[in-house]
Structure formats: C-alpha cells, structure tokens
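Number of protein chains: 2
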Amino acid sequence: MNKKYEVIAEKITLWISNSSYGPGDRLPSIRVLSARMDASITTVVTALRLLESRGLVHGRDRAGYFVTQSGAETGLDPADTSSDSPGLRKQRESRDHLKLTLRHDQAILLSSTTPVESYLPTRQIQKSLLRASRRALDSLSYSFPGDALYLRAIEQRMTKLGIKSASSEIIATGGAQEALALALRAVTREGDTVAVFVPSSPGILQSISALNLNIEEIPCDSDGRPNLNIMERALANPAIKALCLSANVSNPTGYTMTDQDKIQMLRIANGKGIPVIEDDVFGDLHWDANRPLPLKAFDEMNSVIYCSSFSKTISPGLRSGWILPGKFYAQVSDEKYSFNFSSPAVTQMAVADYLQSRAHDLYLRKVRSIYQNNLSRLREFVMSEFPEGTTCSDPNGGFTLWVRLPGNIDTTKLYPVAQEAGFCYAPGQLFSMRGEFSNCLRISGVRPIDDEFERGMAFLASTFARTM
Amino acid sequence: MNKKYEVIAEKITLWISNSSYGPGDRLPSIRVLSARMDASITTVVTALRLLESRGLVHGRDRAGYFVTQSGAETGLDPADTSSDSPGLRKQRESRDHLKLTLRHDQAILLSSTTPVESYLPTRQIQKSLLRASRRALDSLSYSFPGDALYLRAIEQRMTKLGIKSASSEIIATGGAQEALALALRAVTREGDTVAVFVPSSPGILQSISALNLNIEEIPCDSDGRPNLNIMERALANPAIKALCLSANVSNPTGYTMTDQDKIQMLRIANGKGIPVIEDDVFGDLHWDANRPLPLKAFDEMNSVIYCSSFSKTISPGLRSGWILPGKFYAQVSDEKYSFNFSSPAVTQMAVADYLQSRAHDLYLRKVRSIYQNNLSRLREFVMSEFPEGTTCSDPNGGFTLWVRLPGNIDTTKLYPVAQEAGFCYAPGQLFSMRGEFSNCLRISGVRPIDDEFERGMAFLASTFARTM
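Residue numbers (the numbering used here), protein chains in the order written: chain A, 11 to 478; chain B, 11 to 478.
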C-alpha cells in the first residue's frame, strides 16, 4: 500500500500528464494542497520534494512550486517576473512573504486560533441550527443585508458595548474576514497604503495584501501597546487611507488598549481624515468581568468601521460575521451587494436563536476561565523552562501568548524541527511583512493542556536551548 | 398613524440630525434603503422626494441622493468629482449607470430572475437542510475548499455535462455571483478590460464594474447569437484580459450557442491567450431533453473558468455556488482563501443530500415545461397586443423574453409609469453600459401567469401604444 505522500505525488503527476497544469504553471500553494488532499503540510512537502527529485516540478524560494518547463530549469531567478506589471510583482512579493512561513504550517491561521470543538457551545448551536432549518421559508430566502433576528441580536450586543446603532446599520457577512475585506475595499483603492500595528494578526496582513494594498507598519511597545506618537507621525503619509487593528485582546500579544488611548487614537486618526477599521473578534474573550469597550464605542465621527464574528466564540464553520460601517454604509453595502449579495439566512437564524437564550453568557464565563488557566500554565512553563532571557506577554484576555526568545534564536528556521516533532507554533515572522520578530513565536491555549502538549513544550524548550 | 413613506422620511431625518450622515455624504442607494426598511422602491422614492422638498437632501441625476450641504446646493454639477482619482471617477460612473435604471426597481436583479417559491423544490430541500443540521460536527466545521459530499455531487453533474474534472478541482462559493467575482479577481487587475456580449446580464456588468474593470461590449445578432467575427476583431485589444458570458440560455435573450460556435469561440480566445469566464446558471433550464453542453466541455486548454450555482433551480437563499477554475485554480483558491476563506458547510451538505435522490431531475423536467408554457403565453401576448413592429426573442430555454419595441419608445422613461401600476419589467438600458437597447425590455415568466399578470401586460401594451 502506497504511503500517503506517494499517493499525492501520483495525483500531481497525473495533473501534469493530463495538462491540468502545464509547463511553467504554478501549482496550488502547499497550504491549499494540504486542505484539498486532507494531508499534513509535511506530507505534501515530502510529495513535492519527491517530484522535484524526479525533475517534474521545481520549487522557487518564496514563490511556490512550478511545473518544470522543457529545457533547463535550474538557475531561474525567483525574482524573474519581469513580464509582470509593477503592481502584480508587488502583490506576489507580499503574498509570498506570508506563504514562505505559512506553508510549513497549515495550522497557523486556523487551529492555532481556532478553539477545539470541546471549547465551543457545540450542542446548543446545533439545536439552534435544527430549529432554524425547520423554518423553511425564512431559511431559504435571500437575506440582504441580513436576517432580521440576527441583526437585532447583534444590535443588542452592540448596545451593551456602548455602540449606538440600529439593526438597519448592520450588515451580515461570511465571517470577520469577509467584513474586513469589504471594509478595506470600501475605503481604499489598489496601491493605497493601510497602516497596522505590529506584531499584527497574520489574517489582517493577508487580507490587506490580497487587495494589492501597501502596508505601513507601526510598532507597539513591549507589552503590545500601540505607540500613538509614532502613529501620529506615520499618519502624515498621504498614501495612508485607513488604519486597521484590534483594540481589544489583540492577536498575538493579547493586549487591550485603555479607554484613554482609544479616545486619543481616534482623535489623531480623525484629525487626518483616516477611517479606522476595527477587528474585534477576540473582544468577548477578555477575562475581566467588564468586557472592554470597542473603539466604536468612542466613535463620535462615525468613522470607525467595526468588524467582528462569532468564529472564536460560537462556531467557525457557520461563517457568522457582521460589520457596522458607520458613515461608510453606502460603500460597504455596495461592495457586499456586488461581491456575493448576501450570506445564507439559515446560519444567521441559528446564531440568533442560540443568542436568545442566556446560554451564551454562561458559556463565555466558563470558557474565559479555561483560557485564563491554560495561559497561566503555559506562561509558567515558558518563564521557567525556556532559555534564560526569554520574555513573555502577560495578557488579561484571549488564548495566545507572545514569546520573545533571547539572542538570535530564529523561530522560522527552527519551525520544521518543531513540526517534525508534531508541535505547531506560529513563527514571529508571520506577524509582520518585513521579516521582524524572527526570535519571537506565538503559542495558543485553544486546547486542553494535556501530556502531549507538555511534551511538545518541553521539546521546544530544549530545541531553543540547543541553538544558543 | 403615519404613512410608511413618512416613517421612512423621519428615520432618514434622524440619521442626518444625529450625524450618521453628514453634509455632502451620499445616502445608501434606493435599492439598499428599500431592502433595509422593508419597503417598496416607490415608497422609498416618495420619502426621499419629501425630504428633497424640505431641502434636507438632494438627488443628483445618475448619482444618488446626498445630504444637503449648508449653503446653496442647486446647480451642483453631478460630474463634480474632480477630487477623485480617474479610476474612482470611472468606477462611480459605471456603477451609477446601473443604479440609474436599477433604483426604480428593486426587483430587477432579484425577483425578475428569481423563481417564486412555488416553482422551487422547497419542501425537499428543507428536509435536506434538516438532515444536514443533524450532523453537527460536519455542519459546524470549516470547509475549504468545500464540503466533500457537495463537491462530489457537483463533480458528478459536471461529468454528465462532458466536463472532465475531479472534486479536487472544484471550489464551493457563496453563489455564482461570488464565483464570478473570484474568477475576475484571479485573472484581471484594476483598470484591465473584460469583454462581454450585449445585451448582457446586468449582474455580470455589475460584478465587472464593481472591480474597477473596463467593459468592452461585443454585439449579438438579432436572435442573441454572439457575433464571433466582431469578437475576433475586438479581442485584438491588448487591454482585454478576459471574456465573460453565458453560452447557454443567456440572460436576457435566452439564446443557446451551437457546439460549433462554442468550439470556434474558444479557438479564437485561446489563440489570443484570453481566458473565458463562463456563467452557466441557466443551463439546466434549457427545455430540450438534451441539456446543452457548457463551453467548459470543449475546453482543451483548461482556460475556461466555469461558474454556476443552484440559485435558479434549488434555492437562492442557500447561496450554493461553485467554480471550476481550470488552470487558474491556484489564483482562484488564493482569492477565496483571502476573501472569506470558506462558505458554510451546512448549506452545502443540504444541497448534496438533496441531489442524492432522483428528485432534482424530476423537478427540472416539471419546471422546464412550466417555463416553456409561461413564455409561450407571454410571447403570444406580446406579438398580438404590443405595438405593431414589436419583435420578440424566441428562446428554447429559461424564463426570460427579450422584447424590442418599434420606433423610439423609451422603456427607461416609461418605467416609473409601469411601476406605479405595479408591474416591473427590466428596461433594456440595464443590459449594456452604453445606453443601448433603450427601446427594449426583458419580461420574466418566473411566476404563474395569473389575472394580475395579464392585467399588467395589458397595461404595458397600452402604455407603449400611447407613446407612439
């Protein structure tokens, strides 16, 4: 019986022999192949290396795998894309940056910040989905800009967060990712620049790059606090058309801005006429009894575009997001209408049904303390077992730890070593477009800290120590 | 109790007084307001005219309604967008063209080509949705590039249509509209040109415009047959990066290309290296026993991107589409991954479950003859009651009729008159970006031809006759 990587290699060989992919064509990224073939990244990479040894494909550093052209292939300059327009070249460079470090871990963008099923209210939301499915006429109809009950449920949650809004100002989206994309498309054009704070969520970096926008990176202080002085100077750049960030339980540092900083940030951004796109997906996972207010709650100019979803707190698979575009409602609703018109009604109805009970707030209380305990244990381990000189974030929300190793330990280089041992972390270089944070890593407490987890942490600790 | 238009006018007034919309801001389009406030277009327009009479808003021809600036507003040049970049100005112009004629009929893009619920297999798909909802673990998980059973069901349908594909080459999308948007983003950049045949589906025109692409319009013969000679000359334009069309049961003419024309079209497009994006949403509604083959079935270079959905034949609300990107799989999967990652699994599972039974083919046979009868009756009425010199398409599939009135009868100008009487048709100007087809209209047989329908047709006939 063939090993899995051999099966995969055969499939790809078949594609090439039946011209599904021709000479010079780029194969799908390793991440995508892994999803399609239900195999780990390691297995896919092994298959590709096998094909490379056979001369069928060749990997271009930072650019992916390509079907071999007839004739000599070696020595091709990976930057040899001279026939591309400047814009296309820039896009490819920014995407490849992310892929370089992403391709060795399918899990980074997904499971690392996707809670395991046992940490989600699975049974309750399934009951709600069943109830929603029984209401055929509603669940099978179009729902632009969203199912009425869903929008109203979100309106109620927004009101509790100090955001004055009506359900008529909310649009349902396929997750927060889609909300972000719609927001970016509404306020920018190709070639514009968007400002972010680094270390930044890789998803935000990817969404911005995918739209052929430039990224201006503004540093945070060591605890993750956005540096507003540097931001003010940076926003003088007229090419910047938007600021994009998470103000609460930011990914990866877990940092939550103070109310004063939020007010100050908006004052500066509004002074320059720059809209702020807020991604609040982790906001409900703050551990305090008082959930921190979003930027939108301080938004007197209606210039904050609020994006969020229930992917981290109810179910990622239902794709239940929403956007409050403020004064940009017209542009955002146009973008939604043009792109895919509406999101399915039945999934929205399921979420609305679930939120009607008191179950969700009870669930949140329970899961917050689980994450708090997980991170407490992880932090303890890191500070005691990782190489001396290691520093670590000290969040009060969410489920991620941001760890900075001493000296020149390169977490990108060490990543395959960890992966071989079966343990996935997110290398620091994912959190910036400029190769920064090469001695940093993000660890997530989205699953129970069991023996296997602890073995993995111990392996990491020794791997890092050996490199010093 | 206030009339509905007064209630709407009050709401908009409130938005203005609480600065949700400031001086000079554009209000949401009438289409969007109508959806948000659950009111007809006529009611919304009445409300806006009321506010206009009060000086609170003003309508700019072809551009929408705007909050009045302090000081004189009259005489503002609707083309006064000199601060916009050239690209932005072009985008606004092309979108406004569509809105000009769209804003008086919310129904044009929706119900005119959306079958009524009684024409869809509603009960069966609802049972399938319930069954899918019971499978919690699957229905709540991520599904990129799509639910396995859904992709396999589509693969089987594709194979029957002569398209050699594996489910690993198919990506699930939120409707055909999203598939089109992903295809366009994968093969074009802002400022590129896409070639279409006119009269063209308004949805295709809108998708292309929304991405800031230019449109090259190639005429069809009087029966709707795409003119391949003109196409060949037009494709010499190096700015054209894609061709986008429906080869079967095209909207609005209902025309289906011959196999020879399909082969010839691909030969020409491939010769110039231009990919073809195919929208096959109406293909299953051809009345013949033998369903016509898609362009993709003749696609030897793997350069056709096939887009479709079940919106016209199972349920529009489930947003169940798919795309076969051929050699562009890498680019399209990247676009999907970046934009909203995946579509919900549960709706895909419902469609897969429904397709497992033999019900769908029985349903299609039944509904095809319903549409055939409806169009036969409509055609008879048009040819006997509309002004002399009227010509009409003679389709053999779908549910739309394309009618050309004699002389200078302007169907855009007459639209509000018809709308007042409660009857919606689609004015010909919607089907091109250049103001063509002003004496044409599309009528749809997506609902039973009852007395009300016949009264509406009679009203139209007399309205058109009076104008001559």
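Even glycine gets a Cβ: it sits at the ideal position worked out from N, Cα and C.
Residue closest to residue i, alpha-carbon to alpha-carbon, out of the options
i	options	result
residue 444 (chain B)	B:233, B:212, B:232	B:212
residue 313 (chain B)	B:215, B:248, B:254	B:254
residue 172 (chain A)	A:307, A:156, A:257	A:307
residue 475 (chain B)	B:247, B:406, B:432, B:394	B:394
residue 234 (chain A)	A:69, A:141, A:256	A:256
residue 123 (chain B)	B:280, B:454, B:347	B:454
residue 193 (chain A)	A:150, A:315, A:387	A:315
residue 230 (chain B)	B:421, B:143, B:210, B:215	B:210
residue 276 (chain B)	B:236, B:328, B:215	B:236
residue 434 (chain B)	B:406, B:464, B:405	B:464
residue 134 (chain B)	B:242, B:386, B:372	B:372
residue 262 (chain A)	A:59, A:403, A:388	A:403
residue 251 (chain B)	B:41, B:405, B:281	B:281
residue 128 (chain A)	A:293, A:65, A:228, A:377	A:377
residue 14 (chain A)	A:42, A:370, A:53, A:34	A:53
residue 326 (chain A)	A:473, A:41, A:136, A:56	A:136
residue 285 (chain B)	B:300, B:310, B:348, B:297	B:310
residue 437 (chain A)	A:457, A:456, A:414, A:431	A:414
residue 357 (chain A)	A:329, A:374, A:17, A:456	A:329
residue 299 (chain B)	B:274, B:374, B:416	B:374
Contact under 8 Å by Cβ, residue i with residue j
i	j	result
residue 204 (chain A)	residue 181 (chain A)	no
residue 319 (chain B)	residue 291 (chain B)	yes
residue 206 (chain B)	residue 338 (chain B)	no
residue 360 (chain B)	residue 148 (chain B)	no
residue 46 (chain B)	residue 155 (chain A)	yes
residue 452 (chain A)	residue 410 (chain A)	yes
residue 362 (chain A)	residue 176 (chain A)	no
residue 222 (chain A)	residue 200 (chain A)	yes
residue 426 (chain A)	residue 478 (chain A)	no
residue 323 (chain B)	residue 295 (chain B)	yes
residue 271 (chain A)	residue 214 (chain A)	no
residue 37 (chain B)	residue 22 (chain B)	yes
residue 39 (chain A)	residue 74 (chain A)	yes
residue 20 (chain A)	residue 195 (chain A)	no
residue 78 (chain A)	residue 66 (chain A)	yes
residue 364 (chain A)	residue 138 (chain A)	yes
residue 388 (chain A)	residue 459 (chain A)	yes
residue 473 (chain B)	residue 449 (chain B)	no
residue 184 (chain B)	residue 348 (chain B)	no
For residue i, the residue or residues it bridges with in DSSP
i	result
residue 226 (chain A)	A:205
residue 4 (chain B)	No statement about residue 4 (chain B) is possible, as the shown extent of chain B runs from 11 to 478 and does not include it.
residue 181 (chain B)	B:333
residue 253 (chain B)	B:205, B:286
residue 319 (chain B)	B:331
residue 348 (chain B)	Bridge partners of residue 348 (chain B): none, in fact.
residue 194 (chain B)	Answer is none; residue 194 (chain B) lacks a bridge partner.
residue 44 (chain B)	DSSP lists no partner for residue 44 (chain B).
residue 296 (chain A)	A:407
residue 302 (chain B)	Paired residue(s): none; residue 302 (chain B) is not in a bridge.
residue 451 (chain B)	B:413, B:437
Taking any Cβ of chain B, which residues in the stretch 356-369 of chain A have a Cβ under 9 Å from it, in chain order?
-> 356, 357, 360: these are the residues of the stretch 356-369 of chain A whose beta carbon lies less than 9 Å from some beta carbon of chain B, given in chain order.
For the stretch 48-73 of chain A, enumerate the residues whose C-beta is nearer than 8 Å to any C-beta of chain B, in chain order.
-> Contact annotation: in the stretch 48-73 of chain A, no residue has its CB less than 8 Å from a CB in chain B.
Positions along the stretch 323-338 of chain B whose CB lies within less than 7 Å of some CB in chain A | If the cut-off is 7 Å between Cβ atoms, the stretch 323-338 of chain B has 325, 326, 327, 328, 329, 337 near chain A.
Closer than 7 Å, Cβ to Cβ, to anything on chain A: give me those residues from the stretch 184-212 of chain B, in chain order.
-> Using a CB distance below 7 Å, the part of the stretch 184-212 of chain B facing chain A consists of 184, 185, 187, 188, 191, 199, 200, ordered along the chain.
Every unbroken alpha helix (DSSP H) inside the stretch 372-446 of chain A [4 residues or more] = DSSP runs (the alpha helix (DSSP H)) wholly in the stretch 372-446 of chain A: 425-430.
Cβ-based contacts, 8 Å cut-off: residues of the stretch 137-149 of chain A near chain B = Answer in chain order: 139, 140, 142, 143, 144, 146, 147, 149.
When you check each C-beta in the stretch 150-168 of chain B against every C-beta of chain A, which residues fall closer than 8 Å?
-> Answer in chain order: 150, 151, 152, 153, 154, 155.
What residues in the stretch 215-226 of chain A have a beta carbon less than 9 Å from any beta carbon of chain B?
-> Answer set for the stretch 215-226 of chain A: 216, 217, 219, 220, 221, 222.
Which residues, taken in chain order from the stretch 263-285 of chain A, show a beta carbon closer than 9 Å to some beta carbon of chain B?
-> Listed by position, the residues of the stretch 263-285 of chain A near chain B (Cβ gap below 9 Å) amount to none.
With 7 Å as the C-beta to C-beta threshold (strictly closer), list the residues of the stretch 448-460 of chain A near chain B in chain order.
-> Flagged: no residues at all.
Closer than 7 Å, Cβ to any Cβ of chain A: which residues of the stretch 289-318 of chain B, in chain order?
-> Of all residues in the stretch 289-318 of chain B, 312 have a Cβ within less than 7 Å of some Cβ in chain A.
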